Amino acid sequence: MSGSVNRVEFTREMKKDYTILTPNMAPIHFELIKNVFNSFGYHLDLLHTTGREIVDEGLKYVHNDTCYPALLSIGQLMHALHSGRYDLNKVALIMTQTGGGCRASNYIHLLRKALKKDGLDYIPVISLNLSGMEQNSGFKMTLPMLRRAIAALTYGDLLMLLKNQTRPYERNPGQSAGLVQEWIQKLTGLFEAGRAFTQREVRAYFDQIAQSFADIPVDRSISRTKVGIVGEIYVKYSALANNGLEEFLFGQGCEVMVPGIMGFMIFKVDNRLEDIALYGGSPAKKQLCTMLKWYFSKFESDLIGAVKKFPQFTAPAPYAHLKQLAGQVIGYGCKMGEGWLLTAEVMELIENGYQNVVCTQPFGCLPNHIVGKGMIRKVKNVYPQANIVPIDYDPSATRVNQENRIKLMLSVAGA
Amino acid sequence: MRIGLDVGSTTLKCVVYEGESLVFQEYERHLSQVAEKASEMLRRVMERFPGEKRAKLCVSGSAGMGLSEDLGIPFVQEVYATRTAVKKYLPQADVVVELGGEDAKILFLSGSMEVRMNGSCAGGTGAFIDQMATLLDMTPGELDQTAAQSQRTYSIASRCGVFAKSDIQALLNQGAQKDDVAASILLAVVNQTIAGLAQGREIAGNVVYLGGPLTFLPQLRRAFDSVLGLSGHCPENSLYYVAAGAALSEDSQEFALRAVTEKIRNYSSSHNYQSGQALFASAGEYEEFTARHQRDSVPTGAPLKRDRAAYVGVDAGSTTLKAVAINSAGEIVCSRYLPNNGNPVPLVLEFLQDLYRDYPGIQIVGSASTGYGEEIIKNAFGLDFGIVETMAHFTAARKFQPDVDFIIDIGGQDIKCFKIKNGAIDNIFLNEACSSGCGSFLQTFAGALGYSMHDFAQQGLFAKDPVDLGSRCTVFMNSSVKQAQKDGASLGSISAGLSMSVVKNALYKVIRVTDAKSLGRHIVVQGGTFLNDAVLRAFEQEIGQTVTRPSVAGLMGAYGAALYAKERQDQTGGTQSGVLKPQELAGFRHEVKSVNCGGCQNHCRLTVNTFANGGKYIAGNRCDKPLQKHSPTAKYNLYDYKKSLLASYPPCGGKRGVIGIPMGLNLFELYPFWHTFFTRLGFGVAASPASDRTLYLKGQHTIPSDTVCYPAKLMHGHIEALLEQKPDAIFYPCMSYNFDEGLGDNHYNCPVVAYYPEVLDANVAALAETKFIYDYVGPHRPRDFPKKMAAILAKYFPGLPPREVKAAAQAAYEEYAAYMGRVRQKGEEYLAYAKENGLPVVVLSGRPYHLDPEINHGIDKLICECGAVVVSEDSVSHLVEKFSTGVLNQWTYHARLYAAAQFVAQSQDPRLNLVQLVSFGCGVDAITGDEVRSILEAGGKIYTQIKIDEITNLGAVRIRLRSLFAALGLGE
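These protein sequence lines map, in sequence, to chains A and B. Counting in this note's numbering, the first sequence runs from 1006 upward without gaps. Counting in this note's numbering, the second sequence runs from 125 upward without gaps.
In structure tokens:
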């Protein structure tokens, strides 16, 4: 019921002509999702703004000790509102909300506080969540939308994975990045036409996508240091937050692997089932979770299947395997933030040949004290070859210090 | 020929090899002029070896990265370079400890190789020592020599330079000896290095010390030796290992020497750094600015009036001493503004002596002191009054600008801002220990770059592109500056940028304004830092309006104190100040003794100052005991009551074995629950001992994340202490959920409270030797709990009958409810007592673990000393109904906090106020703090937050509390 009293609802009327501003996190995924939403009559505008002004806006409107992702997403939205590019009476904002025990569940409220400080609290803010929090008459996650969104996320995972594994070896620089854009266009068109999101179609397009990346001329004799990136979900994906980590590593001659979003989705659903196992309750009430988990897992296994058809690509392990890995070192009850999944991703990366791992987190990220830095010792006991560097990100952590530490990790990798 | 160039954060090192032999080495501070200094150094190499036209070159060091990237010179990471050099010269080394300007590193070479580097928030480095030395008015070398004389050491926070500074300041103001403080600083560096970098791995065997601080400071090496219990070795050329490693690097490439030197000389970074608007676009603008501010000057050097009456005000601040004498018309007769060099007493002595000498026949009618050193000065010289700084500043500002509605004072270490409404202080903002970035920072930075503060600031006035350094704590600013240097920012741009960041820090971190333009209409700025034109200009630019800077901006505290003394004497008709007379001053003596207080088990280290007039000043105490004065409200402290309740669950034996429980985090509250649960089951229960510094140090080597909160870090010590007791098992369960008290939308624990047992299991190796029960439990579901718990316990103690577990759980729930009931009942009792007697009440709000005196540092007692009754958030949270908050109310502890705030806000009772305790590093409180503030402000209440960490300077807390009481017109 928090904040619900004065909450500005996003009404059906607004749906017609309001622009919904969306902060960016994972560029490929979010672009696809945006297009899905727009095909359902919404007008999402995915923000691509970068630069110091975003941080400055965030510092102004959000408590400076709040986590960096909140500061950046809210900063990006406030920056957009102040840009003069939008009619403030025809604009709404959207923010994801996980509902877990970490600070992230409060981002949306911090955004509302920021709006209030600025006298803009008439602007509706939509909570995007799967827990049924905060309903809006003008914004409904319908089943068809959900199905397309889930497909879009998985396509995003696949495109990101294949791009990362192709780009360091491509003979014509830029070709893999170009291919990603081509696919985004193509998939968007297909979604609009009501296609490419059923299980059967998805499987077919997965194969096509994998094939198209496999067709890019490459020189795999080039030696690349294999580096995995894990971390808090926003900092992990957002170049704005991690100071262009993927690009930096690419420039240092690395091939990167960034675990996808689908694993995180399954994890969040699975947590509800895990709660019942740990503390009691009736699984019958969580049938939706069981079903979602099953549904997500099918997409995941299709993705893995498509990648595995090409021996030059490394496929990620399925969720079930990650869970098994985590079980060696940490409890399944550890679910806030990225929870045990982060630890599991580190382990899976190492198993998969990416023994050098950058663990990214916002400075002072509470769950990462536990599942990131807190678990390095145990992970190293299992995999002595592990070469893990935790890096903190925040408005004033400097790139030079971050890069210096990553370079140290890379020198150890090369030794 | 092979050349290695190590461009560190503050120094430049160069090594040249001819074949296998080292033929050249040089070391100098680069004062941020990386390109010039590096090319000069290479030129010297060429002059020395005129025959060599080509050489292999490789760069290392954090400031060298930019050079290397842009000029295509190979780069080797410095830790890695060290390793290369150590392998060659010291193959027998097991561990290398290397401290640099701003980095600290440990390399474990034998066994599985590991390299560690300090994280982004770590101050225990060369720059830290430099800062501390400046504070003591010494060079680092002098600091080291002084430390050799030390008798004892104090605890100083070393994580963050700013924290340490306030600890040191407090020690100095209390009269601690400089040599002891110096030794304590070095010890703090050692503890920081070990805690931050060793992370559970033992530093043993053949240990090598490298880098500037360890080379130049023998006492620092000694401190490492004594803490590590070994004898480390600082090899010859210990400064040059990184440079040597670079020279020896396989990655180095051959260059034509002259060409590459030229290239470096002409190098100006191609990177763009973020820059802001220039402070002054033209000299004309500057002139207009200066002329405008000259209007706010006031006469000093006024004569005494015919009555020869004078009033003296002394402001013993953190880094400077200000003293003022005014005549009966309130005009300034004479003043002093001096660095206090750690001991304000002799400066005041001199001031008074001069005053008597220069103004024969002077009649000092009243006198008052303020600032950190208020008490010691008052006691030493028999001044009449003490006044809290905030009130002193307000008193002075009002004199200049009667309509003043906003005052901001940036001093050496503090930022103080207050809003004035209806002629009274309405809201106070003080900087938190971690974000100061104040005057002393500018000064230290200027010093590090080889300039005086004035010259340094002057450099920035006309810089075209001031660096945007953001608005965070000084440690971060150090690295921001490093980044700017790398990106080729000029000295002037850095200087202007620093001035701007001081301003932004004050505005956005301390006051947390969103619209800098709405601070007020009549703004008075004061404090020594604003005497700096660059800072003043940056402030006006940022808020977009002009402000009043009194010409005596630096003296306002002292001026206010003098005015206050006059006001008080005028009111009471006093005619004679108790301040020492000339003949008494002649025989003035000041002795300092250090003793351990025997009043209780805390054994505080007291500094006892004795003065010739019999005046005595005791510092270092956490409570009133050694002062032998008693506050009327000392008995009404709910924190004490809760502690006595917990003590009523004694350790005991049991037929099924003994369960050890670490007393920390959520167990502070759940102890009655688990104690009852296990004793009912036939187990004995042993708790870990009360926390103290020693216990913390015992566990610090296993802390994996140095930015986690202090309460969590303490758990490592509790586990070590429990292990020594050898219980049959240690019980510390993980708990995502807490009890649902019906106050919020959910009932989570914060991630750290919920899962810290996982961290302990992963990092405290010794736990493997015992049964460590850290399963996930859910007492929030009473119906499921017994069965689930029985299954968990069966893993460790087979054969426990589930029926007994069920009965024990039943008893545990009942006992927990009874315990919470007692706390609530006592809360109501205290509230009633306070109401009856018209006493102020502070709802000291934190979490259950803030009960720990090692965590709260006796702030509860301090509040009682101020004459207020103390109740806790959990003793009043039941007095309000669930209400809607502006944030997702999803943590049990914080739901209580919001409820307590609501209770205070709705009370309409000026006696009732809330103070929130926030542990440094508590991410959750970034959210709760703002929410609590808005709940309170909606009820017209002042919000006071106190940030606490491993060490907390109670002096600052005292100022904050007294300011609160003064603003409310309560107490004193």
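Think of the CB as a built atom: it goes at the ideal place given N, C-alpha and C, for glycine as much as any other residue. On a predicted model such as this, the values are computed, not experimentally measured, just so you know.
State the DSSP-derived secondary structure class of residue 278 of chain B, mapped to helix, strand or coil. On the second sequence, position 154 is the one that residue 278 of chain B refers to. Reduced to three states, the DSSP call for residue 278 of chain B is coil.
Here's a check: name, in chain order, each residue in its chain whose Cβ is nearer than 7 Å to the Cβ of residue 493 of chain B, leaving out the five neighbours to either side. Reading the second sequence from its first residue, position 369 is the one you call residue 493 of chain B. Within the same chain, residue 493 of chain B has close Cβ partners 438, 440, 501, 502, 507, 510, 685.
Out of curiosity, what's the CA-to-CA distance linking residue 453 of chain B and residue 670 of chain B? Here residue 453 of chain B refers to the residue found at position 329 when the second sequence is read from its first residue. Here residue 670 of chain B refers to the residue found at position 546 when the second sequence is read from its first residue. Roughly 29 Å separates the two Cα atoms.
Please compile the residues from chain B whose C-beta is within a distance smaller than 9 Å of the C-beta of residue 1283 of chain A. Here residue 1283 of chain A refers to the residue found at position 278 of the first sequence. Here the neighbours are 860, 899, 900, 901, 902, 912.
Residue 241 of chain B by DSSP, collapsed to three states: which one? Translated into positions along the second sequence, residue 241 of chain B becomes position 117. Secondary structure of residue 241 of chain B (DSSP, three-state): strand.
Touch check for the segment 403–422 of chain B and the segment 202–209 of chain B: three-plus C-beta pairs under 8 Å? Taking a cut-off of 8 Å on C-beta distances, the segment 403–422 of chain B does not touch the segment 202–209 of chain B, as fewer than three cross pairs fall below it.
For residue 1159 of chain A, does the count of other Cβ atoms within 10 angstroms reach 16, so buried, or fall short, so exposed? Locating residue 1159 of chain A in the first sequence gives position 154, where the first residue counts as 1. The residue in question, residue 1159 of chain A, is buried, as its Cβ has 16 or more Cβ neighbours within 10 Å.
I want to see whether chain A comes within less than 8 Å of residue 170 of chain B, judged by CB atoms only; does it? What you label residue 170 of chain B is simply residue 46 of the second sequence in a count that begins at 1. Chain A, which has no Cβ nearer than 8 Å to the Cβ of residue 170 of chain B, makes this no.
Is it right to say residue 1227 of chain A is buried, meaning 16 or more other beta carbons lie within 10 angstroms of its own, or is it exposed? Start at 1 with the first residue of the first sequence, and residue 1227 of chain A comes out as number 222. Exposed, because fewer than 16 other Cβ atoms sit within 10 Å of the Cβ of residue 1227 of chain A.
Candidates B:733, B:810, B:512, B:663: which alpha carbon is nearest residue 770 of chain B's? For the purposes of this step, residue 770 of chain B is identified with residue 646 of the second sequence, where counting begins at 1. Nearest Cα to residue 770 of chain B within the set B:733, B:810, B:512, B:663: B:810.
Run through chain A and tell me which residues come within less than 9 Å of residue 1053 of chain B, C-beta to C-beta. Within the second sequence, residue 1053 of chain B is the residue found at index 929, counting from 1. Under the 9 Å cutoff, chain A gives 1068, 1070.
I need the straight-line Cα distance from residue 1416 of chain A to residue 194 of chain B, nearest angstrom please. Reading the first sequence from its first residue, position 411 is the one you call residue 1416 of chain A. Reading the second sequence from its first residue, position 70 is the one you call residue 194 of chain B. Taking the Cα positions, residue 1416 of chain A is about 20 Å away from residue 194 of chain B.
At a Cβ threshold of 8 Å, is residue 1035 of chain A touching chain B? Walking along the first sequence from the start, residue 1035 of chain A turns up at place 30. Using beta-carbon distances, residue 1035 of chain A does not count as an interface residue toward chain B, since no partner is under 8 Å.
Taking only three categories from DSSP, how would you classify residue 1145 of chain A? Indexing the first sequence from 1 puts residue 1145 of chain A at position 140. Note: residue 1145 of chain A maps to coil in three-state DSSP.
How many angstroms separate the CA atom of residue 930 of chain B from the CA atom of residue 886 of chain B? For this step, residue 930 of chain B is matched to residue 806 along the second sequence. For this step, residue 886 of chain B is matched to residue 762 along the second sequence. Residue 930 of chain B and residue 886 of chain B have their alpha carbons spaced roughly 31 Å apart.
Which residues in chain A have a C-beta closer than 7 Å to the C-beta of residue 236 of chain B? List them in chain order. In the second sequence, counting from the first residue as 1, residue 236 of chain B sits at position 112. Within 7 Å of the CB of residue 236 of chain B, the CB atoms of chain A belong to 1389, in sequence order along the chain.
Tell me, please, whether the CB atom of residue 1048 of chain B is closer than 8 Å to any CB atom in chain A? Numbered from 1 along the second sequence, position 924 holds the residue referred to as residue 1048 of chain B. So, interface residue.
Give the residues of chain B in contact with residue 1114 of chain A, contact being defined as C-beta atoms less than 7 Å apart. As a first step, residue 1114 of chain A is located in the first sequence; it is residue number 109 there, counting from the start. By Cβ distance, chain B contributes 1010, 1011, 1012.
Excluding sequence positions up to five away, which residues of its chain have a Cβ less than 6 Å from the Cβ of residue 468 of chain B? Position 344 of the second sequence, counted from the start, is the residue given in the question as residue 468 of chain B. In its chain, beyond the 5 residues on either side, 440, 445, 497 have a beta carbon closer than 6 Å to the beta carbon of residue 468 of chain B.
Write down every uninterrupted run of the beta strand (DSSP E) in the segment 404–481 of chain B whose length is 3 residues or greater and which is fully enclosed by it, in chain order. Taking only runs of at least 3 residues, the beta strand (DSSP E) segments lying wholly in the segment 404–481 of chain B are 433–440, 444–451, 456–463.
Mapping the DSSP letters down to three states, classify residue 1242 of chain A as helix, strand or coil. Within the first sequence, residue 1242 of chain A is the residue found at index 237, counting from 1. Of the three classes helix, strand and coil, the one that applies to residue 1242 of chain A here is helix, per DSSP.
So, using beta-carbon positions, are residue 299 of chain B and residue 733 of chain B closer together than 8 Å? By 1-based counting over the second sequence, the position of residue 299 of chain B is 175. By 1-based counting over the second sequence, the position of residue 733 of chain B is 609. Contact: yes.
Measuring only the C-alpha atoms, how far is residue 1026 of chain B from residue 1077 of chain A? Numbered from 1 along the second sequence, position 902 holds the residue referred to as residue 1026 of chain B. Numbered from 1 along the first sequence, position 72 holds the residue referred to as residue 1077 of chain A. C-alpha separation (whole angstroms): 31 Å.
Counting only Cβ pairs nearer than 7 Å, list the residues of chain B close to residue 1413 of chain A. What you label residue 1413 of chain A is simply residue 408 of the first sequence in a count that begins at 1. Residues of chain B passing the Cβ test: 201, 203, 204, 239, 241.
Can you find a C-beta in chain B that's less than 8 Å from the C-beta of residue 1404 of chain A? Position 399 of the first sequence, counted from the first residue, corresponds to residue 1404 of chain A. When Cβ-Cβ separations below 8 Å define contact, residue 1404 of chain A makes contact with chain B.
With distances taken from CA atoms, which of B:260, B:766, B:166 is nearest residue 442 of chain B? Position 318 of the second sequence holds residue 442 of chain B. By alpha-carbon distance to residue 442 of chain B, the top candidate from B:260, B:766, B:166 is B:260.
Rounded to whole angstroms, what's the CA-CA distance from residue 948 of chain B to residue 893 of chain B? Just pull it up for me. Taking the first residue of the second sequence as 1, we reach residue 948 of chain B at position 824. Taking the first residue of the second sequence as 1, we reach residue 893 of chain B at position 769. Taken atom to atom, the span from the alpha-carbon of residue 948 of chain B to that of residue 893 of chain B is near 41 Å.
Chain B partners of residue 1408 of chain A, CB-CB under 8 Å? To locate residue 1408 of chain A, count along the first sequence from 1; it is residue 403. Chain order gives the chain B residues near residue 1408 of chain A as 189, where near means a beta carbon separation below 8 Å.
Quick check: what's the CA-CA separation for residue 709 of chain B versus residue 1378 of chain A? In the second sequence, residue 709 of chain B corresponds to position 585, counting from 1. In the first sequence, residue 1378 of chain A corresponds to position 373, counting from 1. In this structure, the alpha-carbon of residue 709 of chain B lies about 59 Å from that of residue 1378 of chain A.
Can you tell me whether residue 776 of chain B is buried or exposed, with buried defined as 16 or more other CB within 10 angstroms of its CB? As a first step, residue 776 of chain B must be located in the second sequence, where it is residue number 652. So residue 776 of chain B ends up on the exposed side.
On a Cα-Cα basis, can you pick out the residue from A:1259, A:1125, A:1096, A:1099 that is closest to residue 1169 of chain A? In the first sequence, residue 1169 of chain A corresponds to position 164, counting from 1. Distance check between residue 1169 of chain A and each of A:1259, A:1125, A:1096, A:1099 places A:1259 closest, using alpha-carbon atoms only.
Which residues in the same chain as residue 856 of chain B place their Cβ atom closer than 6 Å to its Cβ, once the five residues preceding and following it in sequence are excluded? Against the second sequence, residue 856 of chain B aligns to sequence position 732. Closer than 6 Å at Cβ, skipping near neighbours: 786, 881, 898.
By the three-class DSSP mapping on this structure, what secondary structure does residue 1003 of chain B have? Numbered from its first residue, the second sequence carries residue 1003 of chain B at position 879. Three-state DSSP puts residue 1003 of chain B in a helix.
How big is the Cα-Cα spacing for residue 505 of chain B and residue 457 of chain B? As a working mapping, residue 505 of chain B is identified with position 381 in the second sequence. As a working mapping, residue 457 of chain B is identified with position 333 in the second sequence. Taking the straight line from one Cα to the other gives about 20 Å.
For residue 1397 of chain A and residue 1391 of chain A, the rounded distance between their alpha carbons: Residue mapping note: residue 1391 of chain A aligns to position 386 of the first sequence, counting from 1. Residue mapping note: residue 1397 of chain A aligns to position 392 of the first sequence, counting from 1. Residue 1391 of chain A and residue 1397 of chain A: Cα-Cα distance of roughly 19 Å.
Given that residue 882 of chain B touches chain A, what residues does it touch there, using C-beta distances under 7 Å? Working through the second sequence from its first residue, we reach residue 882 of chain B at position 758. Correct list: 1335, 1336, 1339, 1375, 1379.
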